[in-house]
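Down below is the structure, laid out as structure tokens.
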């Protein structure tokens, strides 16, 4: 028997007839006319090669074959009903689920303090698992479904099967120690180059956006360390003449945390970073993941750093 030429709706008909044992009652329950019910019953009989339900003084009586099939069909219909109930999205908050987010520690610090309370309140059975995006679009993980959402400001060249939405737009500033001796007269390009620098590198490459901009004007800076974190370098600047060029929100948080730090304008023209959330077409219509992306977007609008 090949499922491709079977009408699975007939299993529901079987279940209703088996429970009602009356054609009129079954037709009413299924919202069918008596001729339509008879037509479907004939198809059901042909499918199983047995009368299944025969007339009796008080309605219909199941055949031995019908009694044999009944437990399995009832189980199958119940499973199908559960399956479609789960698919309709109405109760996705009640089902245990995991969402895998690929991002950076900068975005975890920026988004999660506001996002997690929403998840705990509205989707208490949802578990959020974050992964480091490691400087590259996790294309294979998105395609396989092991990544539900990727968020960063450095993804490009997306395939047509991916969707994207802008979350944040931030400019670069310079974080320095308040007592940095090279900055007594403010942040000029010469003062910027007189200092040594930290940078964040998720791939090990020390040639970043700042270095590209400097090279365009025939200048170069001295980078003494490249770190795999956006947050850790902000904690290494205090009490040194090191500079960290970073996103404004990171610098603001660092200055609020440590009065020994200062925020300065960057003496170079760099384009703003556009932070995007990326997802695959396979999860585009999923109600839980669609809801999760909306929460991420709403939280991002609350924490966008001011321009300037």
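Numbering (my numbering), first residue to last: 3 to 310. Glycine included, every Cβ here is placed at the ideal spot set by N, Cα and C. This structure is a prediction, so every number in the text was calculated from the model and none was measured.
Practice problem: Could you tell me the distance, in whole angstroms, from the CA atom of residue 43 to the CA atom of residue 288? | Solution: Taking the chain shown and counting its residues from 1, the one referred to as residue 43 is at position 41. Taking the chain shown and counting its residues from 1, the one referred to as residue 288 is at position 286. Cα to Cα, residue 43 sits roughly 36 Å from residue 288.
Practice problem: List in chain order: all unbroken alpha helix (DSSP H) runs of 4+ residues lying wholly within the region 68 to 140. | Solution: 107 to 124
Quiz item: Span of the alpha helix (DSSP H) holding residue 289?
Solution: Here the question's residue 289 lines up with position 287 in the chain shown. Segment 289 to 305, the alpha helix (DSSP H) holding residue 289.
Quiz item: Start and end of the alpha helix (DSSP H) containing residue 199?
Solution: In the chain shown, counting from the first residue as 1, residue 199 sits at position 197. Here residue 199 belongs to no alpha helix (DSSP H); instead the beta strand (DSSP E) covers 198 to 202.
Quiz item: Just how far apart, CA to CA, sit residue 27 and residue 298?
Solution: On the chain shown, position 25 is the one that residue 27 refers to. On the chain shown, position 296 is the one that residue 298 refers to. Rounded to whole angstroms, residue 27 to residue 298 spans 50 Å at the Cα level.
Practice problem: Within 10 angstroms of the Cβ of residue 226, are there 16 or more other Cβ atoms? Answer buried if so, exposed if not. | Solution: Taking the chain shown and counting its residues from 1, one reaches residue 226 at position 224. By the neighbour-count rule (16 or more Cβ atoms within 10 Å), residue 226 is not buried but exposed.
Quiz prompt | Beta-ladder partner(s) of residue 171, from DSSP | solution = Locating residue 171 in the chain shown gives position 169, where the first residue counts as 1. DSSP output for residue 171 lists 276 as bridge partner(s).
Self-check item: Length of the line joining the Cα atoms of residue 15 and residue 98
Solution: Taking the chain shown and counting its residues from 1, the one referred to as residue 15 is at position 13. Taking the chain shown and counting its residues from 1, the one referred to as residue 98 is at position 96. Each residue's alpha carbon lies about 32 Å from the other.
Quiz prompt | Distance between residue 170 and residue 300 (C-alpha atoms, nearest Å) | solution = Within the chain shown, numbered from 1, the residue matching residue 300 stands at position 298. Within the chain shown, numbered from 1, the residue matching residue 170 stands at position 168. Between residue 300 and residue 170, the C-alpha separation is close to 11 Å.
Quiz item: Leaving out five residues before and five after residue 49 in sequence, what residues of the same chain have Cβ atoms less than 8 Å from its Cβ?
Solution: On the chain shown, residue 49 is found 47 positions in, with the first residue counted as 1. If we look at residue 49 and ignore the five residues flanking it on each side, its Cβ neighbours are 8, 9, 12.
Self-check item: Supposed contact pair residue 65 and residue 52 - C-beta distance, whole angstroms, cut 8 Å
Solution: Mapped onto the chain shown, residue 52 falls at position 50. Mapped onto the chain shown, residue 65 falls at position 63. Correct: roughly 6 Å between the Cβ atoms.
Quiz prompt | Residues near residue 241 by beta carbon distance below 8 Å, same chain, minus five either side | solution = Numbered from 1 along the chain shown, position 239 holds the residue referred to as residue 241. Correct list, in chain order: 179, 181, 262.
Exercise. Would you kindly work out how many angstroms separate the C-alpha atoms of residue 211 and residue 218, rounded to a whole number?
Key: Indexing the chain shown from 1 puts residue 211 at position 209. Indexing the chain shown from 1 puts residue 218 at position 216. C-alpha separation (whole angstroms): 11 Å.
Practice problem: Along the alpha helix (DSSP H) that carries residue 161, what are the first and last residues, could you check? | Solution: To locate residue 161, count along the chain shown from 1; it is residue 159. Unbroken run through residue 161: none, as it is neither H nor E.
Quiz item: So, helix, strand or coil for residue 64, using DSSP?
Solution: Sequence index remark: in the chain shown, residue 64 carries index 62 (1-based). It is a strand residue.
Quiz item: Start and end of the alpha helix (DSSP H) containing residue 252?
Solution: As a position in the chain shown, residue 252 is number 250, starting the count at 1. Start and end: 250 to 259.
Practice problem: Quick one: grab the DSSP three-state call for residue 218. | Solution: Indexing the chain shown from 1 puts residue 218 at position 216. Here residue 218 sits in helix by DSSP.
Exercise. Would you grab the beta carbon distance between residue 223 and residue 195 for me? Rounded to a whole angstrom, and I think it's under 8 Å.
Key: Translated into positions along the chain shown, residue 223 becomes position 221. Translated into positions along the chain shown, residue 195 becomes position 193. Sure, about 6 Å apart at Cβ, within 8 Å.
Exercise. Give me whichever residues DSSP pairs with residue 264 in a beta bridge.
Key: In the chain shown, residue 264 corresponds to position 262, counting from 1. For residue 264, which the question treats as bridged, DSSP gives the partners 178.
Quiz item: How would you call residue 282, buried or exposed, if buried means at least 16 neighbouring beta carbons within 10 angstroms?
Solution: The sequence position of residue 282 within the chain shown is 280, counting from 1. With 16 or more Cβ atoms within 10 Å of its Cβ, residue 282 is classed as buried.
Practice problem: Give the DSSP-derived three-state secondary structure of residue 55 in the structure shown. | Solution: Position 53 of the chain shown, counted from the first residue, corresponds to residue 55. Note: residue 55 maps to strand in three-state DSSP.
Self-check item: Buried versus exposed, by CB contacts within 10 Å (16 or more), residue 57
Solution: Translated into the one-based positions of the chain shown, residue 57 becomes position 55. The residue is exposed, with fewer than 16 neighbouring Cβ atoms inside 10 Å.
Practice problem: Please confirm whether residue 229 and residue 200 have their CB atoms less than 8 Å apart. | Solution: By one-based count along the chain shown, residue 229 stands at place 227. By one-based count along the chain shown, residue 200 stands at place 198. Contact: yes.
Quiz item: Quick one: any contact between the region 65 to 82 and the region 122 to 139, if contact means 3 or more CB pairs under 8 Å?
Solution: no
Exercise. Could you tell me if residue 166 is buried or exposed, where buried requires 16 or more neighbouring beta carbons within 10 angstroms of its beta carbon?
Key: Taking the first residue of the chain shown as 1, we reach residue 166 at position 164. So residue 166 counts as exposed.
Quiz item: If you drop the 5 nearest sequence neighbours on each side, which residues of the same chain put their C-beta closer than 6 Å to that of residue 294?
Solution: Within the chain shown, numbered from 1, the residue matching residue 294 stands at position 292. Excluding positions up to five away in sequence, the list reads 101.
Exercise. Report the rounded CA-to-CA distance for residue 307 versus residue 173, giving the unit in angstroms.
Key: Taking the chain shown and counting its residues from 1, the one referred to as residue 307 is at position 305. Taking the chain shown and counting its residues from 1, the one referred to as residue 173 is at position 171. Note on residue 307: pLDDT 47, under 50, position unreliable in the model; the coordinate value appears next. Cα-Cα distance, rounded: 9 Å.
Quiz item: If we call anything under 8 Å between Cβ atoms a contact, is residue 189 one with residue 266?
Solution: Mapped onto the chain shown, residue 189 falls at position 187. Mapped onto the chain shown, residue 266 falls at position 264. For residue 189 and residue 266, yes; Cβs fall inside 8 Å.
Quiz item: If we count the other Cβ atoms within 10 Å of its Cβ and call it buried at 16 or more, is residue 108 buried or exposed?
Solution: The residue given as residue 108 occupies position 106 in the chain shown. That one is buried.
Quiz item: DSSP three-state call for residue 28: helix, strand or coil?
Solution: Translated into the one-based positions of the chain shown, residue 28 becomes position 26. Residue 28: helix per DSSP, three-state reduction.
Self-check item: Per-residue DSSP class, three states only, for residue 225
Solution: Residue numbering aside, residue 225 sits at position 223 when the chain shown is read from its first letter. Strand at residue 225.
Quiz prompt | Residues that residue 247 bridges to, as DSSP identifies them | solution = In the chain shown, the residue the question calls residue 247 occupies position 245. For residue 247, which the question treats as bridged, DSSP gives the partners 176.
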